[in-house]
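Take the sequence shown: its letter number 132 is residue 470 in the numbering used here, and every next letter is one higher.
For glycine and all other residues, C-beta sits at the position ideal for the given N, C-alpha and C.
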Amino acid sequence: MNEHDSERIAGLLESEGYTKADDAEGADLVVLNTCAIRENADKRLYGTLGQLKRSKDRRPELRIAVGGCLVQKDKHLVLSKAPWVDVAFGTFAVGELPALLERRERSGVAAFEFREQTEVFPSALPARRNDPFHAWVAVSVGCDNACTFCIVPSVRGPQVSRRMGEILEEVRDLVDDGVVEVTLLGQNVNTYGRDLDGRPLFAELLRALDDIAGLRRVRFTSPHPHDFTPDVIDAMASSAVVCEHIHFPMQSGSDRVLKQMRRSYRIDRYLGWLERIRQAIPGIAVSTDIIVGFPGETEDDFADTIRAVEAARFDSAFTFLYSVRPGTQAASMEGAVEPGVAQERYERLVECQERISLERNLSTVGRRFEVLVEEVSSRKDPHKVTARTRTNKLVHVPAEARSTGEFVDVVVTEAHPHHLDALPA
Ligand code: 5AD
Ligand code: SF4
339 MNEHDSERIA
349 GLLESEGYTK
359 ADDAEGADLV
369 VLNTCAIREN
379 ADKRLYGTLG
389 QLKRSKDRRP
399 ELRIAVGGCL
409 VQKDKHLVLS
419 KAPWVDVAFG
429 TFAVGELPAL
439 LERRERSGVA
449 AFEFREQTEV
459 FPSALPARRN
469 DPFHAWVAVS
479 VGCDNACTFC
489 IVPSVRGPQV
499 SRRMGEILEE
509 VRDLVDDGVV
519 EVTLLGQNVN
529 TYGRDLDGRP
539 LFAELLRALD
549 DIAGLRRVRF
559 TSPHPHDFTP
569 DVIDAMASSA
579 VVCEHIHFPM
589 QSGSDRVLKQ
599 MRRSYRIDRY
609 LGWLERIRQA
619 IPGIAVSTDI
629 IVGFPGETED
639 DFADTIRAVE
649 AARFDSAFTF
659 LYSVRPGTQA
669 ASMEGAVEPG
679 VAQERYERLV
689 ECQERISLER
699 NLSTVGRRFE
709 VLVEEVSSRK
719 DPHKVTARTR
729 TNKLVHVPAE
739 ARSTGEFVDV
749 VVTEAHPHHL
759 DALPA
């Protein structure tokens, strides 16, 4: 969602006549879009602002704007910690950036806007896409859940969905523009529409997208396991465009910790849902999010997480050390896990998942896949391009005559934990 916001910020500025600078050194304006999900984002913002201050001391005409979730969280604190910032804008004020920059010039003092509600649905703003063939499409913003570790509901507000007609129109326009793959975005994407007419419309949206000629791949992120209802599974199974991959955030394998996290499912149910999804959509790949070191997590709780990871056999996992977020319920919970203990558990978890990822990837060796070429100039190896399977696996393919956005049939030759090597079929 933040990446997409950055595209909108760039798109808005371009529509105002700005052009992209080659680097920050030569830029007249630097915009930082921030994330607040874990604490290191905080540290990075203020570190980067410190560096930019030195540039501004040399070039006082440099303008610095800061937006995003961290700004929504810190509000005026950003300007008091870094008074050299020219413009600060919260998550609901992306569309205001050009006006704020203008206000800054007129008044000579910092301009800011931290409203608490969205007035223009963000996707109505122009976007400058990074890829010609892929686009993010926001279907909703905000989240009505209250996972105790998570800052998102407080910086993105309650869920607001976009009208389905508008989404479909945007996707049709994108396809006319050469886009073949879209990723639907929402903090809790599968409750899309619940705030529109009282029922979730996500399955309907997936079905409607299947009818758009020229659209080849649909992905979505992130669903909450609790809301992954049978109608969504049916829609995925029957749709030709929806890719065989789901991101299915587990967070923990311990029922006690899940309860403390206010995740509504228990691990047996979670694994049961996963089983049903795999039966309905053969070959589907599954990724997940797992937090280690949540307050009160014992060695037994962590052992449950390892057991759940072994049972779930995820294709990949994003693993996170728990990070205290001020204002969340978990921030005031007792039983902080000692950093050394959390780190050691984290390493054990990564090791376990890497082994499973490799095993899952080994099962693809010798098999044929359609991949979409994403990047032709791999920094690591100029003779390789990076591509992706429908199951969201990263594939390295020989570079010869491949261009971005091209579909290629390949056969997997070698498996690694985080990518596959393949040759054209
Ligand atoms: N600490 C660590 N990880 C977190 N996440 C969200 N909040 C926190 C936190 N306070 C993780 C969750 C979520 C992903 C996007 O980030 O796993 O699914
Ligand atoms: Fe945060 Fe996701 Fe939980 Fe919403 S569903 S509170 S965004 S972790």
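Rounded to a whole number of angstroms, what is the C-alpha to C-alpha distance between residue i and residue j?
i	j	result
Ile644	Leu696	16 Å
Asp642	Leu370	39 Å
Leu522	Glu345	15 Å
Ser478	Arg396	42 Å
Pro496	Lys413	19 Å
Val666	Leu408	The question names Val, but residue 666 is Thr in the sequence shown. Distance between the alpha carbons of Thr666 and Leu408 is about 14 Å.
Ala448	Gly349	23 Å
Asp639	Asp593	8 Å
Ala546	Leu609	29 Å
Leu351	Thr357	8 Å
Lys718	Arg467	24 Å
Pro762	Glu582	21 Å
Asp627	Glu504	30 Å
Leu539	Ser560	15 Å
Ala473	Val580	15 Å
Is it buried or exposed, residue i, if we count other Cβ atoms within 10 angstroms and call 16 or more buried?
i	result
Gly524	buried
His721	exposed
Gly433	buried
Ala650	buried
Ser670	exposed
Gln455	exposed
Gly406	buried
Pro470	exposed
His756	exposed
Asn378	exposed
Gly678	exposed
For residue i versus residue j, is the C-beta spacing smaller than 7 Å?
i	j	result
Ile629	Tyr603	no
Glu635	Val688	no
Arg453	Ala431	yes
Val527	Phe487	no
Val714	Ala753	no
Val518	Arg554	yes
Val723	Glu744	no
Val556	Val595	no
Tyr530	Ser499	yes
Ala655	Ile605	no
So if DSSP puts residue i in a beta bridge, which residue, or which two residues, is it bridged to?
i	result
Leu732	Arg726
Ser478	Ser499
Ser654	Ser625
Val404	Leu370, Ala426
Glu708	Asp747
His585	Ser625
Phe558	Leu522
Phe450	Ala426
Glu713	Thr724
Considering only heavy atoms of the ligand NAD, does any lie closer than 6 Å to the CB of residue i?
i	result
His562	The ligand content of the structure shown is limited to the ligand 5AD and the ligand SF4, which means the ligand NAD is not among them.
Can you tell me whether residue i is helix, strand or coil according to DSSP?
i	result
Ala359	coil
Leu523	strand
Ala420	coil
Pro677	helix
Asp642	helix
Asp759	strand
Leu539	coil
Glu752	strand
His764	Outside the modelled stretch of the chain, which goes from 339 to 763, sits residue 764, for which no answer is possible.
Val517	coil
Leu659	strand
Val580	strand
Val327	The structure shown does not extend to residue 327, since the chain is modelled only from 339 through 763, so no value can be given for it.
Ala473	strand
Tyr530	coil
Tyr603	coil
Cys488	coil
Ala575	helix
Ile619	coil
Ala365	coil
Asp787	No statement about residue 787 is possible, as the shown extent of the chain runs from 339 to 763 and does not include it.
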